[in-house]
Each structure stands twice: as C-alpha cells, then as structure tokens.
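Counting in our numbering, the sequence shown tops out at residue 525, every number present. Note that beta-carbon positions come from the ideal geometry of N, C-alpha and C, so glycine has one too.
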Amino acid sequence: MEHCCRPIGVFDSGMGGLSVWREIVKLMPAESVIYYGDGKNCPYGDRSQTDVIKFVQEAVDLFIERDCKAIVLACNAATAMSVDYLRHKYPDRIFVGMEPAVKPAALNSQSGVIGILATKATLEGSLFKETSMKFAHNAKILSCVGDGFVELVEQGNENSQMAFDIISKCVEPMLQQGADHIVLGCTHYPFLAETISRVIGDRNVKIVDPAPAVALRTKSLLEQKGWLANKDNKCEYLFCSAADESYKAKLKQKALLLIDKYL
Ligand code: DGL
263 MEHCCRPIGV FDSGMGGLSV WREIVKLMPA ESVIYYGDGK NCPYGDRSQT
313 DVIKFVQEAV DLFIERDCKA IVLACNAATA MSVDYLRHKY PDRIFVGMEP
363 AVKPAALNSQ SGVIGILATK ATLEGSLFKE TSMKFAHNAK ILSCVGDGFV
413 ELVEQGNENS QMAFDIISKC VEPMLQQGAD HIVLGCTHYP FLAETISRVI
463 GDRNVKIVDP APAVALRTKS LLEQKGWLAN KDNKCEYLFC SAADESYKAK
513 LKQKALLLID KYL
C-alpha cells in the first residue's frame, strides 16, 4: 500500500482516546484511522507495567498487521508504562505518546498554581515527573488522582450529579488553593470537561487538554516523511476492541456522536 493511504492507529484502554481521535480526524480529514479501545481490561490506572505492556502489544500487533503508518498511544497511562519499550522494540515505527500539558499551563498561569488530574499510573510515572521538573519548576503543581473518573466516562455518566460530586472532591481543593489552570492528564477526562466547567463555575480557570497538540505532532511527523494522505483519499474509520461486539458498537456510536457534535 502507498504510504499516504495507510491508516493511523489510535489506542486507548477504552473510550477516552476518542478525545484524541476526534482531534486527529478534525485536523487530518483525509486520513483513515483505526481506533482500538481495549475495553476489556480498562481501567489501566492501577495495573502493573507488565500487564499494560501485554495489553498494548495486542493492539500494536493489530496495527502492524493492518500496516498503520503511525501509532498514537492516546492513553497517558499506557504511554507512561509502554512507550519506551515500544520505541526500543520497533525503532523504525512512528509512536506518538501523550504528555500531560503542564508546560502550556505553567507558561500561561497568572497565579503560578496549576492543577493536574490524572490516573495513579500517570502521576507516578517518570514522564510526568520529568516534564514537571523541566517545564513547570516555577509553578506549584497540585495533582489529584481522578478516582472513578474513567468509570464515569465508560458508563456514560459524564454529566450526572454523581460525576459532579466525584469531580468536585478533586477539583474544588485545587481551586481553593488558587489554581488557574486544570490540566486533563487522562484522555477520558475531556469528556468530563462540561462537568468540570460546572464545578469551576464563574471562576476564571482554564481547562487544558493536550489532544490538539498530539494531533498536530502526529501530522508533523507524517509530513516530515511525506506520508500524509492526499485530499481525495477515500478514508475509512474502523473500531476495534479486546472486549465484545457490543463494546465495539459503543465505540463507534460515541465516535459518530463526536463527528456530529464537533466536526
Ligand atoms: N485514557 C487513559 C489515560 O489517558 C485512562 C487510563 C485508565 O484506563 O485508567 O490515562
């Protein structure tokens, strides 16, 4: 297959990576995309690195079999635990990972206090620690493990009262301590942005989602290789999962809603 017609593979533990998928499809409408949402082993936040590498490997095998030209790990936890391993194992392949957006948040913060919401795996990972030290050493970083956040999204309860209560517990203390930026360090969390906004209310606080930057990075890596699809490419969107058919159908349904709402 010609490089330009090869699909992009996008991976997540579940539905969260669709927040990155949406940005990729918006930015590169001619590209075919295969989305793999594990679904069976989600959430990854508390799992061991050995397990996560095994789950990611299954998706990577499928992406390679389908000749994907780039693989986007649209999962902060999976990036933290497997991207180094994958880059070492497949040095000729393009892997794009997630990085918590502490840099833009720290640069734009007026108060010097930023909040980050992420899973335990991401917050304990060396990538988050290194990024924070490199780009946000002048800022005060308040972190909170989003206990139950991933489940709210997987179960379609993003805008419920329960979501409001769970999110308030994490976000309200950050706001009380002066945070003026809340970084979404998990790809499921952009689907909670409306509820996070309700918790913020009329306070002047910005929610930072790294997904658009990840889509841009993917585009620029493909551009460098001359692998971008032609405008007239007949693109296809495919949805795969380690879970059952009904989960696959849910992924597709959520993606179609995103196309209606945002694209
Ligand atoms: N979307 C994943 C992330 O970005 C969620 C991780 C999980 O499954 O716990 O980290």
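Just the C-alpha distance for residue i and residue j, rounded to the nearest angstrom, thanks.
i: Pro435; j: Gln319; result: 38 angstroms
i: Ile444; j: Lys514; result: 29 angstroms
i: Asp427; j: Asn421; result: 11 angstroms
i: Lys288; j: Cys266; result: 17 angstroms
i: Ala398; j: Val470; result: 14 angstroms
i: Cys337; j: Leu324; result: 17 angstroms
i: Arg465; j: Gly440; result: 10 angstroms
i: Ile296; j: Lys523; result: 20 angstroms
i: Thr381; j: Asp313; result: 16 angstroms
i: Glu413; j: Gly387; result: 21 angstroms
i: Arg355; j: Ala332; result: 7 angstroms
i: Arg309; j: Asp409; result: 14 angstroms
i: Pro353; j: Thr480; result: 17 angstroms
i: Ala425; j: Lys487; result: 43 angstroms
i: Arg328; j: Gly463; result: 45 angstroms
i: Glu264; j: Asn495; result: 11 angstroms
i: Lys351; j: Tyr499; result: 27 angstroms
i: Asn303; j: Glu456; result: 26 angstroms
i: Gly271; j: Ile326; result: 9 angstroms
i: Lys431; j: Ile458; result: 11 angstroms
Compare the beta carbon distance of residue i and residue j with 8 angstroms and say whether it is the shorter of the two.
i: Ser503; j: Gly278; result: no
i: Ala383; j: Ala339; result: yes
i: Val415; j: Val334; result: no
i: Ser275; j: Ile315; result: no
i: Ala321; j: Phe273; result: yes
i: Ala517; j: Gly301; result: no
i: Val364; j: Ile403; result: yes
i: Pro472; j: Pro362; result: yes
i: Ser405; j: Ile378; result: yes
i: Leu484; j: Leu490; result: yes
i: Leu437; j: Val407; result: no
i: Phe390; j: Leu454; result: no
Classify residue i as helix, strand or coil using the three-state DSSP reduction.
i: Lys493; result: coil
i: Ala339; result: helix
i: Glu450; result: Rather than Glu, the amino acid found at residue 450 in this sequence is His. In this structure, His450 counts as coil in the three-state DSSP scheme.
i: Val272; result: strand
i: His350; result: helix
i: Ala332; result: strand
i: Ile356; result: coil
i: Val467; result: coil
i: Ala473; result: helix
i: Ala509; result: The sequence shown places Tyr at residue 509, not Ala. In the structure shown, Tyr509 sits in a helix (DSSP, three-state: H, G or I).
i: Asp313; result: helix
i: Pro362; result: coil
i: Asn370; result: helix
i: Asn398; result: Looking at the sequence itself, residue 398 is Ala, so the reference to Asn does not match. Ala398 falls in the coil class under three-state DSSP.
i: Tyr524; result: helix
i: Lys288; result: helix
i: Pro435; result: helix
i: Asp308; result: coil
Rounded C-beta distance between residue i and residue j? I'm assuming under 8 angstroms.
i: Ala342; j: Ile376; result: Incorrect: roughly 19 angstroms between the Cβ atoms, too far for contact.
i: Cys330; j: Pro269; result: 5 angstroms
i: Met395; j: Thr449; result: Not quite, the Cβ-Cβ distance comes to about 23 angstroms (not below 8 angstroms), so this is no contact.
i: Val461; j: Asp442; result: With a Cβ gap of about 14 angstroms, Val461 and Asp442 do not count as contacting.
i: Glu285; j: Cys497; result: The pair is not a contact, with the Cβ atoms about 15 angstroms apart (cut-off 8 angstroms).
i: Leu446; j: Leu280; result: With 8 angstroms as the limit, Leu446 and Leu280 do not qualify as a contact, their Cβ atoms being about 14 angstroms apart.
i: Phe501; j: Lys493; result: Going by Cβ atoms, the distance from Phe501 to Lys493 rounds to 24 angstroms, so no, they are not a contact pair.
Have a look at the DSSP bridge pairing and note the partners of residue i.
i: Leu500; result: Ile296
i: Gly377; result: Leu404, Ile444
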